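Data first, discussion second: the structure below is written as C-alpha cells.
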Amino acid sequence: MRRRYETGVSWEETALYEEHVRRISDGDPQRGPQTIEELEKECSDLDDLLATIEAEGYKSQRQLLQERPTDTRTSNNDTFHPVLNEVAVNIGRNGELIKRGSGTHRLAVARALSLEAIPVLVRTRHANWQAIRDEIRAAGTPTDLGPQTRQYLTHPDLADIIPDQWIQ
Numbered sequence: 192m193r194r195r196y197e198t199g200v201s202w203e204e205t206a207l208y209e210e211h212v213r214r215i216s217d218g219d220p221q222r223g224p225q226t227i228e229e230l231e232k233e234c235s236d237l238d239d240l241l242a243t244i245e246a247e248g249y250k251s252q253r254q255l256l257q258e259r260p261t262d263t264r265t266s267n268n269d270t271f272h273p274v275l276n277e278v279a280v281n282i283g284r285n286g287e288l289i290k291r292g293s294g295t296h297r298l299a300v301a302r303a304l305s306l307e308a309i310p311v312l313v314r315t316r317h318a319n320w321q322a323i324r325d326e327i328r329a330a331g332t333p334t335d336l337g338p339q340t341r342q343y344l345t346h347p348d349l350a351d352i353i354p355d356q357w358i359q
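Following this line, the structure appears as C-alpha cells:
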C-alpha cells in the first residue's frame, strides 16, 4: 500500500492487489474481497480513507463516532462497537508495541502518510510491563524509580500515569 501512495502506481501494480487476485482466482475462502468487483471497491475505499485522513487528519474511532455516528456504526466494523475498532496493540515485556486484531487498514494508511503517532487500543499488557506501570504509579517522584524503569518515562503507554513535571 505504501508503494501505491508514495509512487502513485495503480492498484493493479501492487503486490497486495496481485495477491488478492490470485486468492480470488484460486477460490481461497479467506476473509476479504471474494470477487474482483469487491476488490476494486475495497481499493477505492482505501483511496477514500487515505484522502480523508490526509485532508482532515487521523481521527480516533471515538471522534468518528461523535462526528458521523451512522457511518461509523455501519462501516468497517470488526467488532460489536465502533470504539473497539481502533488499531489494537498488545504491549510486550519491554514495552514493544505488537499489532493485534483490528485497524489494519488504518495502520497501513497511517504508515503510508508517515504519521508519527495514532491512537491505539491496548488489548493486553505483558505482566513485566504491567509491573513497570505499577512501579511508576506507586512512585512519588522519578527518583523513586529504579534505573530500568526510568528509561521508559517517555513511552506512550505511560502518558496516562506519569505527571507532566516528571518529563520536563
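If you're matching positions, the sequence shown starts at 192 in my numbering and goes up one per residue. Each residue gets a CB set at the ideal place from its N, CA and C atoms; glycine is no exception. These numbers come from a predicted model, not from an experiment.
message = Give the list of continuous beta strand (DSSP E) stretches no shorter than 3 residues that lie fully inside the stretch 304-343.
response = Qualifying beta strand (DSSP E) stretches, in chain order: 311-316.
ask   = So L288 is in the beta strand (DSSP E); what residue range does that whole segment cover?
value = Where L288 is concerned, the enclosing beta strand (DSSP E) stretches over 288-290.
Where the beta strand (DSSP E) containing V212 begins and where it ends = Careful: V212 lies outside any beta strand (DSSP E), inside the alpha helix (DSSP H) at 206-217.
query = Can you give the Cα-Cα distance for Q420 and L288, rounded to whole angstroms?
reply = The structure shown does not extend to residue 420, since the chain spans only 192 to 359, so no value can be given for it.
task = Please go through the stretch 217-290 and give each complete alpha helix (DSSP H) segment of 4 or more residues, from N-terminal end onward.
result = Restricting attention to alpha helix (DSSP H) runs no shorter than 4 residues, the stretch 217-290 encloses them at 227-247, 252-258, 260-265, ordered along the chain.
query = Under a Cβ-count criterion, where at least 16 other Cβ atoms within 10 Å of its own Cβ denotes burial, should P354 be classed as buried or exposed?
reply = Exposed is the call here.
request  = Using beta-carbon positions only, say whether R259 and V278 come within less than 9 Å of one another.
outcome  = No, Cβ-Cβ distance for R259 and V278 is not below 9 Å.
ask   = Which value, in whole angstroms, describes the spacing of the CA atoms of T261 and R341?
value = Computed Cα separation, rounded: 44 Å.
ask   = Nearest-angstrom Cα distance between T334 and I323?
value = A straight-line Cα-Cα distance of about 14 Å links T334 and I323.
query = Which class does H296 belong to by DSSP, given the choice of helix, strand or coil?
reply = Residue state, collapsed to three classes: helix.
First through last residue of the alpha helix (DSSP H) which encompasses D139 = This structure cannot settle anything about residue 139, because the visible part of the chain is limited to 192 through 359.
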